[in-house]
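A.B. asks: To start, I am sharing the structure in question, which I have written as structure tokens.
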Amino acid sequence: MDEPYCVGYRVAGQDIGLDPHGHSKGMTGPLAHRHVDDIEADVKKLLEAGAETVQAIQDVGGGRLTASLKDADGNVIGLIQPA
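Sequential numbering from 6 applies to the sequence shown in the numbering used here.
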């Protein structure tokens, strides 16, 4: 897809987002995002547990917030807080 921002779809209650700049951010495949109620608190907990920020919290449209972090084993963890 050739879009300036992430394009989202909702299929059977599941949100699917396509990031046209994913490769430039080091993404080599799909990244599942866990739905959270308080993204700031959860990011803080993960950082305190030794995770590293991959993508800081950002509004991806309409107040929906996302972030991604890498745990000590190199696994990328995606978080999403609905608007």
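The beta-carbon is built from N, C-alpha and C at its ideal position, and this holds for glycine as well.
(1) Tell me, please, which residues DSSP counts as bridged to A72.
(2) Suppose contacts are defined by Cβ-Cβ distances below 7 Å. Is A72 in contact with Q60 by that definition?
(3) Who are D64's beta bridge partners in DSSP?
(4) Taking buried to mean at least 16 other C-beta atoms within 10 Å of its own C-beta, is V16 buried or exposed?
(5) Start and end of the alpha helix (DSSP H) containing L52?
(6) Please report how far the alpha carbon of I82 lies from the alpha carbon of G67, in whole angstroms.
C.D. replies: In brief:
(1) L84
(2) yes
(3) L70
(4) exposed
(5) 44-53
(6) 22 Å
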